[in-house]
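Working notes for the structure below.
Numbering (the working numbering), first residue to last: 52 to 289.
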């Protein structure tokens with residue numbers, strides 16, 4: 052499989068290493084210094100694109116991949132307000148896309164346990180729930196896409212929460228997400244249920260980028276030859 056890497060920062064370089072170790076090749080590397088190479092003609096020379104860029108560039112990157120008739124795996128967060136538009140473009144172009152706010156296998160198990168715990172807690176209103184997410188200082192979006200997904204899962208299952216807020220809470224209906232940025236932290240997410248007598252904590256801590264990168268490569272191998280929109284539930288058969 053010949054892969055176009057759209058975004059060649061620390062994550063892109065880690066993904067490249069895993070791709071090469073698994074017998075794949077790199078057909079195109081896109082950074083801020085060679086954006087002119089991100090075009091339909093050059094994308095067509097590849098079998099698939101893996102995209103980790105910026106929220107403001109993501110939609111255009113996807114549309115270029117669809118126009119080039121190559122599937123795209125994306126881990127860029129912060130663009131989901133345009134998800135319906137992207138899904139329409141996938142359908143119109145008979146394209147393929149795999150999106151995840153977090154490609155870590157462990158995080159996606161964490162999502163499922165988070166949903167189960169929130170469902171158990173729905174009738175037990177003596178517990179207040181809040182979240183914390185910690186990432187490296189180069190993290191562009193806040194809260195993280197993973198943090199937002201965790202919050203959405205809780206809100207779906209917990210009747211007493213209707214929305215999430217970052218750092219400052221003004222209503223009991225709001226789910227507080229405490230956001231921290233610290234040097235050299237790949238990603239930590241904590242969900243806590245606190246009562247007057249005890250606390251239940253659910254935590255996922257990433258030790259390196261390799262877990263995220265491996266998940267993205269597995270998603271790419273899964274997506275090749277398919278059409279439609281896919282997420283980690285499809286890959287992991289949850």
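Backbone N, C-alpha and C define an ideal beta-carbon position, used for all residues, glycine too. Computed from a predicted structure; not experimentally measured.
Per DSSP, what kind of secondary structure is residue 219 in: helix, strand or coil? If you number the chain shown from 1, residue 219 lands on position 168. Residue 219: coil per DSSP, three-state reduction.
Assigned exposure category for residue 165 - 16 Cβ within 10 Å defines buried
Along the chain shown, one-based indexing puts residue 165 at 114. Counting C-beta atoms within 10 angstroms of its own C-beta, residue 165 has 16 or more neighbours from the protein chains shown and is therefore classed as buried.
#### Entry: Endpoints, alpha helix (DSSP H) assigned at residue 68
Residue mapping note: residue 68 aligns to position 17 of the chain shown, counting from 1. Element bounds for residue 68: 61 to 72.
### Message
Using DSSP's beta-bridge definition, name the partner residues of residue 117.
### Response
Indexing the chain shown from 1 puts residue 117 at position 66. Paired residue(s): none; residue 117 is not in a bridge.
Is the distance from the Cβ of residue 129 to the Cβ of residue 102 below 8 Å?
Within the chain shown, the letter at position 78 stands for residue 129. Within the chain shown, the letter at position 51 stands for residue 102. Remark: C-beta atoms of residue 129 and residue 102 do not approach each other more closely than 8 Å.
(message) Between which residues of its own chain and residue 157 is the CB-CB distance below 8 Å, once the five residues before and five after are set aside?
(response) Residue 157 sits at position 106 when you count from the first residue of the chain shown. 255, 257, 262, listed in sequence order.
Check your understanding: Which of the three DSSP states, helix, strand or coil, is assigned to residue 273?
Key -> Your numbering for residue 273 matches position 222 in the chain shown. Residue 273: helix per DSSP, three-state reduction.
How about the region 90 to 97 and the region 141 to 160: do they share at least three Cβ pairs that are nearer than 8 Å?
The answer is no - the region 141 to 160 does not touch the region 90 to 97, with fewer than three Cβ pairs under 8 Å.
_Could you check whether residue 238 and residue 195 sit closer than 8 Å to each other, using their CB atoms as the reference points?_
Residue mapping note: residue 195 aligns to position 144 of the chain shown, counting from 1. Residue mapping note: residue 238 aligns to position 187 of the chain shown, counting from 1. Yes, they are a contact pair.
ask   = Starting from residue 101 and walking both ways along the beta strand (DSSP E), at which residues does that stretch end?
value = Residue mapping note: residue 101 aligns to position 50 of the chain shown, counting from 1. Here the beta strand (DSSP E) through residue 101 covers 99 to 102.
Open item on the list: Can you give me the C-alpha to C-alpha distance between residue 77 and residue 220, rounded to a whole angstrom?
Closed with: Locating residue 77 in the chain shown gives position 26, counting from the first residue. Locating residue 220 in the chain shown gives position 169, counting from the first residue. Counting only the Cα atoms, residue 220 lies some 46 Å from residue 77.
Report task. Could you name the residues of the same chain whose beta carbon sits closer than 7 Å to that of residue 275, not counting the 5 residues immediately before and after it, in chain order? Result -> Numbered from its first residue, the chain shown carries residue 275 at position 224. Excluding residues within five positions, the ones whose Cβ falls inside 7 Å are 52, 98, 99, 122.
Determine the direct distance from the alpha carbon of residue 244 to that of residue 250, and round the result to whole angstroms. Your numbering for residue 250 matches position 199 in the chain shown. Your numbering for residue 244 matches position 193 in the chain shown. Rounded to whole angstroms, residue 250 to residue 244 spans 6 Å at the Cα level.
| message | Under 8 Å: do the region 205 to 215 and the region 223 to 230 share three or more Cβ pairs, one atom per stretch? | response | Judged by Cβ distances under 8 Å, the region 205 to 215 makes contact with the region 223 to 230, as three or more pairs qualify.
*State the Cα-Cα distance for the pair residue 70 and residue 269, rounded to the nearest angstrom.*
Translated into the one-based positions of the chain shown, residue 70 becomes position 19. Translated into the one-based positions of the chain shown, residue 269 becomes position 218. Residue 70 and residue 269 have their alpha carbons spaced roughly 10 Å apart.
- Item | Residues near residue 185 by beta carbon distance below 7 Å, same chain, minus five either side | For the purposes of this step, residue 185 is taken as the residue at position 134 of the chain shown. Within the same chain, residue 185 has close Cβ partners 231, 233, 236, 239.
Worksheet entry | Nearest to residue 124 (by Cα), restricted to the options 112, 189, 260, 118 | To locate residue 124, count along the chain shown from 1; it is residue 73. Taking only the C-alpha atoms, the option nearest residue 124 is 112.
Among residues of its own chain, excluding the 5 on either side of residue 246, which ones have a beta-carbon nearer than 8 Å to its beta-carbon?
The residue labelled residue 246 in the question sits at position 195 within the chain shown. Within the same chain, Cβ atoms closer than 8 Å to the Cβ of residue 246 are found at 177, 178, 179, the five residues on either side in sequence being excluded.
Margin query: Let me make sure I understand the geometry here. Which of 279, 212, 241, 109 has the alpha-carbon closest to that of residue 170?
Written below: On the chain shown, position 119 is the one that residue 170 refers to. Out of 279, 212, 241, 109, 212 has the C-alpha closest to the C-alpha of residue 170.
Sorted by chain position, which residues of the same chain lie with C-beta nearer than 7 Å to residue 259's C-beta, five sequence neighbours on each side aside? Within the chain shown, numbered from 1, the residue matching residue 259 stands at position 208. For residue 259, where only same-chain residues beyond five positions count, the Cβ hits under 7 Å are 237.
Is residue 73 buried or exposed, if buried means 16 or more other CB atoms sit within 10 Å of its CB?
-> If you number the chain shown from 1, residue 73 lands on position 22. Exposed.
Checklist entry - Distance, Cα to Cα, residue 80 vs residue 173? => result Numbered from 1 along the chain shown, position 29 holds the residue referred to as residue 80. Numbered from 1 along the chain shown, position 122 holds the residue referred to as residue 173. Their Cα atoms are separated by approximately 47 Å.
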